[in-house]
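Colleague:
In our numbering, the protein residues as written are 91 to 396.
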């Protein structure tokens with residue numbers, strides 16, 4: 091109840107495994123609408139999969155007893171694609187740009203590499219694509235990649251090939267998946283009037299699984315939250331398992347520094363596991379160095395496993 095009905099401002103909900111993270115987020119969205127604090131049009135809710143977004147929308151509608159029209163609820167990339175359609179000309183595209191799938195991305199990159207005279211057997215395209223996507227996950231356009239951040243790939247030519255790849259995408263009026271967020275962060279940083287427009291639009295921002303955000307997702311959220319500073323992030327500093335795809339646990343660890351006077355609510359009742367399981371897990375997790383700390387307790391009364 092404390093998390094759902096918290097007053098306006100920055101809110102971090104540290105929610106352990108099985109403690110109802112998504113349930114809290116869904117009820118907070120419904121509460122904001124039901125109490126008239128925000129219209130659906132003024133709420134931006136972000137999650138990681140389309141399936142989760144559909145389920146969240148259905149659950150909000152079920153609580154309110156009516157379909158929720160106008161709510162901006164979706165994945166990081168789907169929401170950025172929607173925003174980018176409105177501002178595509180600012181990055182040299184038109185609103186009808188194409189989003190390439192993985193196969194088309196690789197095909198285009200190979201064309202760029204062949205045009206540069208590279209031997210694709212010696213320098214396989216997937217290696218370069220991995221470097222480009224890492225840069226995009228960190229919010230780095232080609233001109234933002236410093237020599238120190240370059241790779242040894244193709245004798246130090248990775249940055250130039252990245253720039254050529256981006257130019258080819260623009261020529262085709264296309265984006266790859268990573269561009270959706272990269273372009274929007276660039277637009278919000280470089281065009282104050284656009285940022286102000288989105289600040290006026292979104293009064294409340296809510297984020298699920300915040301511990302799995304990467305740097306470009308973090309930058310996008312922080313830019314949008316500068317307006318009303320009504321940002322609610324739900325996450326678990328003990329469940330970050332996606333560092334291999336760019337997730338940075340530091341994003342959740344520095345929340346209180348990014349948003350001074352943030353309220354922190356801990357959900358520590360686990361409704362999924364018995365006491366022995368939680369005791370064993372807590373004993374292991376206590377050795378983690380990068381965590382904000384919480385102690386899970388069993389919400390189940392059975393003695394199964396004891």
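Heads up, the beta-carbon is just placed ideally off N, CA and C, and yes, glycines get one too. All values reported here derive from a predicted model rather than from experimental measurement.
Using CA atoms only, rank isn't needed, just tell me which of 236, 310, 193, 245 is closest to residue 285.
Modeller: 310
Colleague: Measuring alpha carbon to alpha carbon, tell me which of 308, 213, 95, 287 ends up nearest residue 120.
Modeller: Looking at the Cα atoms, 95 is the closest of the given residues.
Colleague: Spell out the partners DSSP gives residue 188 in its beta bridges.
Modeller: When DSSP reads this structure, residue 188 sits in a beta bridge with 264.
Colleague: What distance in whole Å lies between the Cβ atoms of residue 158 and residue 147, which are believed to be in contact at a cut-off of 8 Å?
Modeller: 6 Å
Colleague: Beta-carbon within less than 7 Å of residue 243's beta-carbon, same chain only, minus the 5 sequence neighbours each way: which residues are those?
Modeller: 213, 217, 218, 221
Colleague: When you compare the stretch 102-113 with the stretch 244-264, are there three or more beta-carbon pairs, one atom per stretch, that lie closer than 8 Å?
Modeller: no
Colleague: Which full runs of the beta strand (DSSP E) of 3+ residues lie inside the stretch 262-323, going along the chain?
Modeller: 294-297
Colleague: Can the beta-carbon of residue 281 be found less than 8 Å from the beta-carbon of residue 317?
Modeller: no
Colleague: Across which residues does DSSP place residue 354 in a beta bridge pair?
Modeller: 102
Colleague: Let me know the secondary structure DSSP gives residue 229 once reduced to three states.
Modeller: Correct three-state label for residue 229: coil.
Colleague: Could you give the residue range of the beta strand (DSSP E) that holds residue 112?
Modeller: Not the beta strand (DSSP E): residue 112 falls in the alpha helix (DSSP H), residues 111-124.
Colleague: Quick check: the stretch 121-131 against the stretch 149-164, are at least 3 beta-carbon pairs closer than 8 Å?
Modeller: yes
Colleague: Rounded to the nearest angstrom, how far is the Cβ of residue 341 from that of residue 303, given a contact under 8 Å?
Modeller: 5 Å
Colleague: Please state whether the Cβ-Cβ distance between residue 306 and residue 228 is less than 8 Å.
Modeller: yes
Colleague: On a CA-only basis, which of 344, 326, 325, 283 is nearest residue 312? Give me that one, please.
Modeller: 344
Colleague: Which value, in whole angstroms, describes the spacing of the CA atoms of residue 154 and residue 114?
Modeller: 15 Å
Colleague: What is the rounded straight-line gap between the Cα of residue 339 and the Cα of residue 326?
Modeller: Cα-Cα distance, rounded: 9 Å.
Colleague: With a cut-off of 8 Å, do at least 3 Cβ pairs link the stretch 173-181 to the stretch 190-210?
Modeller: no
Colleague: Buried or exposed: where does residue 185 fall if 16 or more other Cβ atoms within 10 Å of its Cβ makes it buried?
Modeller: exposed
Colleague: Helix, strand or coil for residue 136 per DSSP?
Modeller: strand
Colleague: Within a Cβ cutoff of 8 Å, which residues of the same chain sit near residue 346, ignoring the five residues on either side of it in sequence?
Modeller: 102, 352, 354
Colleague: Alpha carbon to alpha carbon, how far is residue 162 from residue 145? Give it in angstroms, no decimals.
Modeller: 14 Å
Colleague: Beta-carbon separation of residue 167 and residue 271 under 8 Å?
Modeller: yes
Colleague: Give every residue of the same chain whose Cβ lies closer than 7 Å to the Cβ of residue 248, excluding the five residues on either side of it in the sequence, and list them in chain order.
Modeller: 218, 221, 240, 241
Colleague: Is residue 95 helix, strand or coil by DSSP?
Modeller: coil
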